[in-house]
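Using our numbering, you'd call the opening residue of the sequence shown number 30 and step up by one each time.
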Amino acid sequence: IGHRCPVEQIEYVDDNGVAKVIDCYFKQGAYKDQSKGLVELAKELGVQLPAKAKLDEIRKLLSKHPAFQNVSEHHSIF
30 IGHRCPVEQI EYVDDNGVAK VIDCYFKQGA YKDQSKGLVE LAKELGVQLP AKAKLDEIRK
90 LLSKHPAFQN VSEHHSIF
C-alpha cells in the first residue's frame with residue numbers, strides 16, 4: 030500500500046465477456062488516494078495468494094489473470 034501505481038485503473042474483460050474496472054488507488058478510508066499494491070489488487074481480482082508469497086510469485090500469479098492479459102505498453106504495471 031502506498032507505492033506509486035502508474036495507472037489509475039485496470040480495465041479488462043472477464044472470462045464471461047463482462048467488462049470490469051479495478052481502481053488502483055483507494056477511493057475512501059484511511060488509505061484514500063494511496064495505491065493499493067499487488068496484494069490488495071489480487072484480493073479484489075479473486076486471485077488466491079499463498080501465505081508469505083514473494084513479489085516474484087505474486088507477479089507470476091497475477092500475470093495469468095485476464096486483467097493483466099493483452100495490456101498496452103502504457104498500461105502495464107509490471
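Cβ coordinates follow ideal geometry from the N, Cα and C atoms, glycine included.
Bear in mind the structure is a predicted one, so any value in this text is a computation, not a measurement.
Check: For Leu67, which residues from the same chain have a beta carbon less than 6 Å from its beta carbon, with the 5 sequence-adjacent residues on both sides left out?
Finding: Same-chain partners within the cutoff: Ile87.
Check: Can you tell me whether DSSP reads Val68 as helix, strand or coil?
Finding: Correct three-state label for Val68: helix.
Item checked: Nearest residue (CA-CA) to Ile118, options Lys89, Leu74, Lys81 -> Examination of residue 118 is not possible in this model, given that the chain is present from 30 through 107 alone.
Notebook entry, point to check: According to the neighbour-count rule (16 or more other Cβ atoms, all chains shown, within 10 Å of its Cβ), is Gln38 buried or exposed?
Noted result: Under this definition Gln38 is an exposed residue.
Checklist line | Own chain partners of Glu40 with C-beta closer than 6 Å, once the 5 adjacent residues on each side are dropped | finding: Around Glu40, the same chain offers Val50 as residues with beta carbons nearer than 6 Å, after the five sequence neighbours per side are excluded.
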